[in-house]
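Per the working numbering, the sequence shown runs over residues 1 to 65.
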Amino acid sequence: MSTELTADTQRILVNNLKNMLADHHGVPVDAVSHIETHISHVLLAGDRAYKIKKPMDFGFLDFST
Numbered sequence: 001m002s003t004e005l006t007a008d009t010q011r012i013l014v015n016n017l018k019n020m021l022a023d024h025h026g027v028p029v030d031a032v033s034h035i036e037t038h039i040s041h042v043l044l045a046g047d048r049a050y051k052i053k054k055p056m057d058f059g060f061l062d063f064s065t
């Protein structure tokens, strides 16, 4: 069984989190904003921001400098 998050799995995860955050903050689901960057998903709900890092392999990058 693979533990890697596919694009479909990530979409489902973000949608479920949007629903949970809307309930938690007492706002409609449409009031929870979703911003997708190249390395993360950011959900904005109320006065809070929730960041979910995408599973990525940066083994090819050199961070030594």
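The C-beta atom is built at its ideal place from N, Cα and C for all residues, glycine as well. None of the values given here were measured: they were computed from a predicted structure.
Boundaries of the beta strand (DSSP E) in which residue i is found, first to last residue
i: Lys51; result: 48-53
Backbone secondary structure at residue i - three-state DSSP
i: His41; result: strand
Integer Cβ distance of residue i from residue j, believed to fall under 8 Å
i: Tyr50; j: Leu61; result: With 8 Å as the limit, Tyr50 and Leu61 do not qualify as a contact, their Cβ atoms being about 26 Å apart.
i: Ala45; j: Ala22; result: 7 Å
From the options, residue whose alpha carbon lies closest to that of residue i
i: Val14; options: Ile35, Glu4, Asp57, Gly46; result: Ile35
i: Thr37; options: Val27, Met56, Asp30, His24; result: Met56
i: Leu5; options: Gly59, Ile52, Met20; result: Ile52
Residue range of the alpha helix (DSSP H) that includes residue i
i: Thr6; result: No alpha helix (DSSP H) contains Thr6, which DSSP labels as neither H nor E.
Residue i burial status per 10 Å Cβ neighbour count (16 or more: buried)
i: Val32; result: buried
i: His24; result: exposed
i: Lys18; result: buried
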